[in-house]
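Going by our numbering, the first residue of the sequence shown is number 963, and it counts up by one from there.
C-beta: ideal position from N, C-alpha, C; glycine also.
No experiment lies behind these values; they were computed from the predicted model shown.
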Amino acid sequence: MSDGRLSRVCVVGGAGFIGSHFVARLLSDPATEQVTVYDNFSSGSDWHLAPVADDPRLRVVRADVGDLPDLVEACAGHDTMIHLASNPDIAAAVTNPAIDFDQGTRLTHHVAEAARLSQVGLVLYASGSGVYGDLGEIEAVEDHGPMIPTSTYGASKLAGEAILASYAAMFDFTVRAFRFGNVVGPRQTHGVGYDFVRRLLDDPSRLRILGDGQQSKSYIYVEDVIAAVLLAGTRATTPFDAFNVATGDYVTVTEIAELAMDVLGLPPGSTEFQYTGGDRGWKGDVPVVRINTDKIRSLGWSNQRTGPQALRDSMSSMADDYRAGLLTS
Ligand SMILES: NC(=O)c1ccc[n+]([C@@H]2O[C@H](COP(=O)([O-])OP(=O)(O)OC[C@H]3O[C@@H](n4cnc5c(N)ncnc54)[C@H](O)[C@@H]3O)[C@@H](O)[C@H]2O)c1
């Protein structure tokens, strides 16, 4: 980056969906000196990094964020950490209630400790809109209060923000937290679009849809997310700040199913939609998400794709990856 920041970046969770796009974006900038991917490859993959694997500025450390000494060593000498490592399965806590604390809050504490011990100046944290809980049609603004998460995933993200904010204040580094809507794009390996594409390719005659299909949320293309994070990150002056990152439009689950059919060339009406019923996909799900983005837009950011365009492009890419055998069913 031209202002001297983000020239040596440790991407924690860099082999995952969003992380691999950060890595590619950073390495596309000649000013970037080094990118270290720190990942245990639990949901990350080598093929995510294949397009940049030969870049001599890339270093891949296969290790767990739970191993603090390894993390400290790997991040030493970097100016920035981008923290993306967490449990990717939001509903997993229904049967494993500790997962978001073990593979969420605890990992974020380790990232805060590693930033302190390695004297990293800037931490960019992938939080999520789950911190707001269930606000219905109320548009969530960054300083909404009180925040009452309805999932342990949302709770772990909010706890992570609190830990990082307190470390930023006490140990003189800068933190930016980003509350994304649902992120979609190439190399995605989870999420509703991913699920629908795989199921429809396996059996186009019917599609199981969790809930009543009216859940209405925000979907944003991964490149738009990265642009927002890098913009707000490089402008950081105060110790801590949080930004919503979303498109401002909303798509229902039934509309995503229809988009998926269109992307796969299936005639409208040819697939039977089988709804499981109820207003949400699982207990803890937030059926209606509304996210205010005035703050990030005031910095000059705007999304390049609408939600439907983002979903269409990502599902098209996922279908190609699935047919190529890169995604397992
Ligand atoms: N995808 C979305 O829609 C979305 C929305 C809001 C926030 N987020 C957050 O953004 C981050 C990245 O999401 P993603 O969709 O790229 O998920 P992902 O699962 O593809 O990426 C997470 C990466 O972290 C790694 N990881 C997990 N636990 C680890 C551990 N203990 N040690 C080392 N590495 C570990 C995984 O192997 C993976 O490569 C996550 O924190 C997620 O909660 C994602």
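Check your understanding: Which residues in the same chain have their Cβ closer than 8 Å to the Cβ of Leu1163, if we skip the five residues on either side of it in sequence?
Key -> Hits under 8 Å: Leu1226, Ala1281, Tyr1284 and Arg1285.
Exercise for review: Please confirm whether any heavy atom of ligand 1 lies closer than 6 Å to the CB of Asp1026.
Suggested key: yes
Point to revise | Heavy atom of ligand 1 within 6 Å of Ile980 beta-carbon | key: yes
Practice item. Determine the closest residue to Ala1272 out of Thr1209, Thr1238 and Asp1224, with distance taken between C-alpha atoms. Key: Thr1209
Check your understanding: Quick one: does the C-beta of Val1111 sit closer than 6 Å to a heavy atom of ligand 1?
Key -> Val is not the amino acid found at residue 1111; the sequence shown has Pro there. Pro1111: no, Cβ never under 6 Å from ligand 1.
**Study point:** Rounded C-alpha distance that separates Asp1203 from Ala1131
**Key:** 11 Å
Point to revise | First and last residue of the uninterrupted alpha helix (DSSP H) at Phe1135 | key: Where Phe1135 is concerned, there is no enclosing alpha helix (DSSP H), given that its DSSP letter is neither H nor E.
Check your understanding: Is Lys1257 helix, strand or coil by DSSP?
Key -> helix
Check your understanding: Who pairs with Cys972 in a beta bridge, going by DSSP?
Key -> Thr998 and Met1043
**Study point:** Gln1236, buried or exposed, once every other Cβ within 10 Å from all chains shown has been counted against 16
**Key:** exposed
**Study point:** Local conformation of Tyr1183 per DSSP, three classes
**Key:** DSSP places Tyr1183 in strand when its eight states are reduced to three.
Review point. Under a Cβ-count criterion, where at least 16 other Cβ atoms within 10 Å of its own Cβ denotes burial, should Arg1170 be classed as buried or exposed?
Key: Residue environment for Arg1170: exposed (fewer than 16 other C-beta atoms within 10 angstroms of its C-beta).
Exercise for review: Just the C-alpha distance for Thr1067 and Ile1182, rounded to the nearest angstrom, thanks.
Suggested key: Spanning the two alpha carbons is a distance of roughly 24 Å.
Review point. For Ala977 versus Asp1001, is the C-beta spacing smaller than 7 Å?
Key: yes
Check your understanding: By DSSP, does Phe1202 sit in helix, in strand, or in coil?
Key -> strand
Check your understanding: For Gln1236, which of helix, strand or coil comes out of DSSP?
Key -> strand
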